[in-house]
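In the numbering used here, the protein residues as written are 240 to 832.
To keep things clear, I will list the structure first and then write my remarks on it.
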């Protein structure tokens with residue numbers, strides 16, 4: 240991806256000689272950019288998802304042994320003529336349209352002359368002066384943790400070139416309404432390109448496989464100077480964070496040389512980013528355009544595109560990330576929700592299908608971003624690998640919203656009281672191998688936020704280690720802890736055997752699980768009143784104390800209800816406030832009852 244250079248002022252910098260804190264890097268960078276401005280360009284290589292190579296019929300398979308998928312065309316043997324893969328043209332046009340580029344109805348290929356071990360014929364088939372697409376732009380929404388905001392970055396060109404079917408494309412400040420200003424923005428620009436090629440289906444965009452590679456060009460110049468500084472290319476950037484850190488380091492390195500009067504030491508070269516030392520190191524001196532001796536490829540004709548061909552591809556384009564983000568915003572979702580849901584095409588499709596089945600937009604987003612995402616992270620699964628399907632998530636949301644079951648039943652588990660001395664033993668009874676599906680929720684003296692490690696102190700270290708998947712346990716949040724007055728000799732244990740977790744782990748239907756586990760909640764106030772009466776009758780001593788003035792025992796009675804009817808009571812508990820019902824019963828209860 241060829242890029243004219245865009246201005247940048249990175250948020251964080253890396254000291255040339257040592258690793259420092261984030262704050263220190265930022266301070267050094269801010270100081271450096273008081274007198275200098277940085278110019279950066281990004282060249283991104285996207286390996287296309289083609290079955291065969293760009294100019295021959297040799298198969299492309301990631302991970303193939305070297306020299307096993309080659310032919311006379313690959314090696315440039317006499318008489319071997321290249322033939323352009325039509326899928327490459329289609330992918331290039333798709334990408335050009337998605338990047339809002341101007342497509343060339345007539346483009347051509349050129350030979351780029353250079354010697355490299357993996358280029359036996361001594362030249363590369365590429366596009367030089369007439370690429371397939373030019374002058375586009377891409378819109379990017381920055382994450383809130385990096386300041387948020389909307390940016391538009393220009394695209395200089397999209398062109399096709401040899402190397403198992405790759406495209407090059409790049410950002411260009413000439414077409415940017417807002418120039419690139421930080422290393423973070425450069426990384427987010429590259430991240431948006433990854434999303435784009437994945438949404439289009441032209442590449443898997445996996446950086447670890449080399450399917451998406453970014454090279455950055457960095458130079459600095461005194462503020463007010465019109466002439467560009469010497470450009471340095473940085474390679475070996477295998478992550479978006481590496482892009483950010485490499486840009487920061489290179490800016491500081493070049494500014495330091497300027498300040499020390501050694502600007503002549505900044506030469507046009509290719510440097511490698513060393514992840515271990517967090518530095519860039521010299522790889523080779525950079526060639527100029529004249530060194531490549533470009534000339535038209537004599538063995539390939541021009542690429543001629545018809546308007547009908549272009550419009551046919553335009554009509555086949557899916558909803559792209561930018562369009563999806565704007566649609567989600569119009570639904571009333573926050574930018575945090577929007578960026579999460581639109582980041583992965585499979586998650587976005589799951590969300591769209593869920594709300595398409597009638598689910599509330601915000602509730603669907605909350606469930607997917609919360610419990611579903613946490614489960615996927617814990618189990619190391621993608622959304623396509625879990626058993627839950629959009630239709631059943633929509634059914635679950637509707638069942639909770641309609642009052643058939645409670646929200647706790649939908650995603651939590653039934654609490655039951657056990658004596659403290661049996662906790663360790665309970666975890667040993669038939670639970671081996673199932674730790675990933677067990678939560679250990681503790682209530683200590685009826686207080687939320689209790690310390691799990693303190694509560695189970697003295698028992699097997701494995702017990703607190705299982706609490707919320709945290710080594711050493713952790714603290715219950717208000718939503719996780721069950722508010723009951725169990726006393727110091729009791730804890731509340733939970734097993735994730737209810738609807739959401741079972742749907743994700745095993746599949747099935749919401750209606751089937753509700754029926755199987757008898758989870759329909761009671762909302763009839765008459766039935767709830769009977770439950771309250773039963774609890775009061777079973778605890779005469781505490782009732783007498785309550786009538787004598789110990790009103791704090793109301794929490795005890797509520798706890799007994801929660802223990803005995805946790806799955807049955809949901810919204811019904813709010814239908815008639817418990818305190819009012821309890822006081823009413825106390826007023827009419829016979830003496831000594």
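All C-beta atoms in this analysis are idealised placements derived from N, C-alpha and C, irrespective of residue type, glycine included.
Local conformation of residue i per DSSP, three classes
{"i": "residue 288", "result": "coil"}
{"i": "residue 589", "result": "helix"}
{"i": "residue 453", "result": "strand"}
{"i": "residue 785", "result": "helix"}
{"i": "residue 690", "result": "Bear in mind that a pLDDT of 38 at residue 690, under 50, signals an unreliable position, so the model cannot answer this."}
{"i": "residue 293", "result": "coil"}
{"i": "residue 342", "result": "strand"}
{"i": "residue 434", "result": "helix"}
{"i": "residue 570", "result": "coil"}
{"i": "residue 748", "result": "coil"}
{"i": "residue 277", "result": "strand"}
{"i": "residue 447", "result": "helix"}
{"i": "residue 654", "result": "Residue confidence is low: residue 654 scores 37 on pLDDT, short of 50, so the model does not pin down where it sits. Its coordinate-derived value is still stated next. In this structure, residue 654 counts as coil in the three-state DSSP scheme."}
{"i": "residue 535", "result": "strand"}
{"i": "residue 482", "result": "helix"}
{"i": "residue 321", "result": "coil"}
{"i": "residue 629", "result": "helix"}
{"i": "residue 557", "result": "coil"}
{"i": "residue 791", "result": "helix"}
{"i": "residue 605", "result": "helix"}
{"i": "residue 741", "result": "helix"}
{"i": "residue 270", "result": "helix"}
{"i": "residue 576", "result": "helix"}
{"i": "residue 328", "result": "helix"}
{"i": "residue 796", "result": "helix"}
{"i": "residue 496", "result": "helix"}
Cβ-Cβ separation, residue j to residue i (assumed contact under 8 Å), whole Å
{"i": "residue 453", "j": "residue 278", "result": "Between residue 278 and residue 453 the Cβ distance is about 17 Å, and since that is not below 8 Å, they are no contact."}
{"i": "residue 364", "j": "residue 294", "result": "6 Å"}
{"i": "residue 834", "j": "residue 350", "result": "The shown model of the chain, from 240 to 832, leaves out residue 834, and the question about it has no answer."}
{"i": "residue 182", "j": "residue 287", "result": "Outside the modelled stretch of the chain, which goes from 240 to 832, sits residue 182, for which no answer is possible."}
{"i": "residue 275", "j": "residue 289", "result": "With a Cβ gap of about 43 Å, residue 275 and residue 289 do not count as contacting."}
{"i": "residue 539", "j": "residue 348", "result": "5 Å"}
{"i": "residue 342", "j": "residue 549", "result": "6 Å"}
{"i": "residue 746", "j": "residue 626", "result": "4 Å"}
{"i": "residue 268", "j": "residue 439", "result": "Between residue 439 and residue 268 the Cβ distance is about 35 Å, and since that is not below 8 Å, they are no contact."}
{"i": "residue 308", "j": "residue 297", "result": "5 Å"}
{"i": "residue 594", "j": "residue 600", "result": "5 Å"}
{"i": "residue 336", "j": "residue 628", "result": "About 32 Å; that fails the 8 Å criterion."}
{"i": "residue 542", "j": "residue 328", "result": "6 Å"}
{"i": "residue 378", "j": "residue 574", "result": "That pair is no contact at about 14 Å."}
{"i": "residue 907", "j": "residue 451", "result": "The structure shown does not extend to residue 907, since the chain is modelled only from 240 to 832, so the question has no answer here."}
Beta bridge counterpart(s) of residue i as assigned by DSSP
{"i": "residue 548", "result": "Paired residues: none, contrary to the question."}
{"i": "residue 378", "result": "391"}
{"i": "residue 638", "result": "In DSSP, residue 638 forms no bridge with anything."}
{"i": "residue 510", "result": "473 and 521"}
{"i": "residue 358", "result": "355"}
{"i": "residue 364", "result": "350"}
{"i": "residue 461", "result": "275"}
{"i": "residue 309", "result": "None, per the DSSP bridge assignment."}
{"i": "residue 543", "result": "345"}
{"i": "residue 298", "result": "291"}
Residue environment, residue i, which counts as buried when at least 16 other CB atoms sit within 10 Å
{"i": "residue 589", "result": "buried"}
{"i": "residue 421", "result": "buried"}
{"i": "residue 712", "result": "Unreliable positioning characterises residue 712 in this predicted model, as indicated by a pLDDT of 35, which lies under 50. The coordinate reading is nonetheless provided below. The residue in question, residue 712, is buried, as its Cβ has 16 or more Cβ neighbours within 10 Å."}
{"i": "residue 304", "result": "exposed"}
{"i": "residue 479", "result": "buried"}
{"i": "residue 716", "result": "For residue 716, the pLDDT reaches just 33, beneath the cut-off of 50, and the residue's location in the model is therefore unreliable, although a value from the coordinates is still provided. Label assigned to residue 716: exposed."}
{"i": "residue 587", "result": "buried"}
{"i": "residue 338", "result": "buried"}
{"i": "residue 320", "result": "exposed"}
{"i": "residue 355", "result": "exposed"}
{"i": "residue 389", "result": "exposed"}
{"i": "residue 448", "result": "exposed"}
{"i": "residue 564", "result": "buried"}
{"i": "residue 429", "result": "buried"}
{"i": "residue 554", "result": "exposed"}
{"i": "residue 570", "result": "exposed"}
{"i": "residue 795", "result": "buried"}
{"i": "residue 621", "result": "exposed"}
Residue i CB to nearest heavy atom of the ligand MG below 7 Å
{"i": "residue 428", "result": "No copy of the ligand MG appears in this structure; indeed no ligand is present at all."}
* Asked: Are three or more beta carbon pairs between the segment 552-559 and the segment 430-449 nearer than 8 Å?
  -> yes
* Counting pairs of beta carbons, one from the segment 484-502 and one from the segment 455-462, are three or more of them closer than 8 Å? -> yes
* Asked: Below 8 Å, can you find three or more Cβ-Cβ pairs linking the segment 500-520 to the segment 457-477?
  -> yes
* Asked: Would you call the segment 624-641 and the segment 737-746 in contact, with 3 or more CB pairs under 8 Å?
  -> yes
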